[in-house]
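What follows is a short report on a single structure.
Residue numbers (my numbering): 4 to 627.
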């Protein structure tokens, strides 16, 4: 609790817009915030009321002092808040941090002969000197973009520095195959090389029409000079650009520049995915991961907008967002628009689309955020994440010998009513999925919807296997709470040689996301409603990975079984068609759609299908 002297200071705080700094006992700034009315905001922290956010409660518990600055307006407060967050990097603010695992593309516009290459972290000094960074990309996406650029533009790819190294070495193979302008020869002027670099910048900005127009003019000029080889190179470059255009998603009615921001939260983090629309085409994307769950998404979105667009190479006139960012004050959206407009030197609008192509584009960004989060979770967090760390922490929690948990198995039951009841087993070795060890089970004894009975059959059949590659696990992760765990433990403990196997339950919340873990002795740890330690976040990511993967694996098998059953029922529902003729039809045509599309004459050409059968099949699908 704060002292009376500290509490008394709140009475002297004015009811004015401003920015406040929270400090810990060492004087370190741990939080920066803004407020329309400073006194009301600070009193809400220290006035003894209920603090709903666990993160805020944790922050307040570490506050030893505060200070504030009064400003003239909310827009001034927002600008000052943004600058102070950048300066102090406070622990309890939502911070946009570059993930070293996800690369950027750098263009060294500050050099006489600029380079274009993959960089794993923006260099602040290079950026101040004029270097441009695009991204971050997933690694495969980055490689694809670079490959497209190198196919279209004859860039230098060597490490030589020009003009210093001009004439020192003979040109490389790329020059001889037409993939490099070879500034090393000294025949390419800085202005000509930079003109190509400007086209590449236009490429990243999605201004393909401008690039194509420029190249087409150069092609015509070369042709007029009878330089037909050069004109041919220009022609091929135009074709390559047009192919890139064709491969991109098109929103025909959206001709202006638009960014769309999508968010998705899981495992204690939120993925922010930004898509760029230029001239009606999706031309670029950026992916960031920020600490915080669904309850903090409005704060995360606001923080992303302020921090990302501070150093962005371009701020479009319209930014699509999934919801308004009015976190504490009713006009946060308006004030943020003002600041972004000031930075962009043109009007910037934040818009929550509700229909049409803008809405479709925003939904695409949200779906992208979800896919990126799934990919990150499957990687155990960042690209450099220690996949064994959650197992070591789990060993500590369970009081077992360090390094004793290597092989973990997870099970999930999937069914649709009483049909196609099946289960999946996923295996993780030292935290990494071993997909060759995965197994699927279709229930033989269980004929009704009973998850406990299905799990019992699954485990009995699984533990009947003792061949190489099917050794007993060190850990079983059950999908469910104490009830499911006890049911599984009852089966496992009744089997021989299973006493050393540890069993945990993975608990989900009402949104079907991993929320906690329960142990065989009844202990339960919840990951919700409090600030998590790094090791807890690591364990949560691992459990989320396991739970999502085994659910996906079992469900995909159930869908395949249901599809086969539907095909069987559909064909065998036709008069005169039994199992043998069904197999012949599918072997001949490949799919049930192809069977339905075939004429009676073509159907009659299938092995075992009479003209009478063919007529019945055709009538079934066409109603004639």
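Glycine included, C-beta positions come from ideal geometry on N, C-alpha and C.
Quick caveat: nothing in here was measured; it's all calculated off a predicted structure.
Member of the options whose CA lies at the smallest distance from the CA of residue i
i	options	result
residue 96	40, 81, 302 and 14	302
residue 145	442, 108, 523 and 179	108
residue 319	340, 328 and 325	340
residue 57	532, 68 and 542	532
residue 167	604, 116 and 133	116
residue 402	524, 547, 423 and 590	524
residue 475	447, 448 and 506	506
residue 708	20, 45 and 40	For the chain, the structure presents residues 4 to 627; residue 708 sits outside this window and is missing.
residue 208	165, 147 and 135	135
residue 447	497, 463, 436 and 438	463
residue 633	611, 416, 616 and 212	Residue coverage of the chain in this structure runs from 4 to 627, which leaves residue 633 outside it and unanswerable.
residue 552	517, 265 and 576	517
residue 267	90, 371, 187 and 315	371
residue 376	315, 290 and 436	290
residue 497	460, 526, 234 and 556	460
residue 334	77, 608, 585 and 170	77
residue 118	183, 69 and 171	183
residue 455	424, 468 and 429	424
residue 483	510, 273 and 181	510
residue 554	481, 131 and 123	481
residue 449	356, 422 and 437	422
Limits of the beta strand (DSSP E) - the one that residue i falls within
i	result
residue 276	272-281
residue 25	21-26
residue 422	422-432
residue 481	478-482
residue 339	That residue, residue 339, is in no beta strand (DSSP E); its alpha helix (DSSP H) goes 335-347.
residue 512	Run containing residue 512: none; DSSP gives neither H nor E here.
C-alpha gap between residue i and residue j, whole angstroms
i	j	result
residue 440	residue 94	42 Å
residue 120	residue 489	55 Å
residue 1	residue 270	Nothing in the structure corresponds to residue 1, since the chain is present only between 4 and 627.
residue 198	residue 558	53 Å
residue 7	residue 75	Here residue 7 scores only 48 on pLDDT, less than 50, and its place in the model should not be relied on; the value that follows carries that caveat. The alpha-carbon atoms of residue 7 and residue 75 are separated by roughly 30 Å.
residue 114	residue 189	16 Å
residue 161	residue 125	20 Å
residue 155	residue 213	15 Å
residue 477	residue 261	51 Å
residue 222	residue 236	8 Å
residue 4	residue 304	In this predicted model, residue 4 has a pLDDT of only 43, less than 50, meaning its place in the structure is not dependable enough to derive any value.
residue 218	residue 202	9 Å
residue 204	residue 317	11 Å
residue 293	residue 265	13 Å
residue 81	residue 42	17 Å
residue 175	residue 226	27 Å
residue 443	residue 263	40 Å
residue 169	residue 110	20 Å
residue 281	residue 272	29 Å
residue 508	residue 526	10 Å
Range covered by the alpha helix (DSSP H) that runs through residue i
i	result
residue 137	Not the alpha helix (DSSP H): residue 137 falls in the beta strand (DSSP E), residues 135-137.
residue 493	485-496
residue 354	No alpha helix (DSSP H) contains residue 354, which is instead part of the beta strand (DSSP E) from 352-354.
residue 82	77-91
residue 604	603-607
residue 396	392-401
residue 128	127-131
residue 68	Where residue 68 is concerned, there is no enclosing alpha helix (DSSP H), although the beta strand (DSSP E) it sits in stretches over 68-73.
Classification of residue i by the beta-carbon crowding that lies within 10 angstroms, buried from 16 upward
i	result
residue 336	buried
residue 278	buried
residue 413	buried
residue 92	exposed
residue 216	exposed
residue 84	buried
residue 537	exposed
residue 29	exposed
residue 451	exposed
residue 21	buried
residue 164	exposed
residue 69	buried
residue 594	exposed
Cβ-Cβ separation, residue j to residue i (assumed contact under 8 Å), whole Å
i	j	result
residue 35	residue 87	5 Å
residue 354	residue 310	That belief does not hold up - the Cβ atoms of residue 354 and residue 310 are roughly 20 Å apart, past 8 Å.
residue 307	residue 286	That belief does not hold up - the Cβ atoms of residue 307 and residue 286 are roughly 20 Å apart, past 8 Å.
residue 434	residue 405	Actually they do not touch by this definition, with Cβ atoms about 14 Å apart.
residue 545	residue 539	At roughly 11 Å, the Cβ-Cβ gap does not stay under 8 Å, so residue 545 and residue 539 are not in contact.
residue 410	residue 432	6 Å
residue 408	residue 397	6 Å
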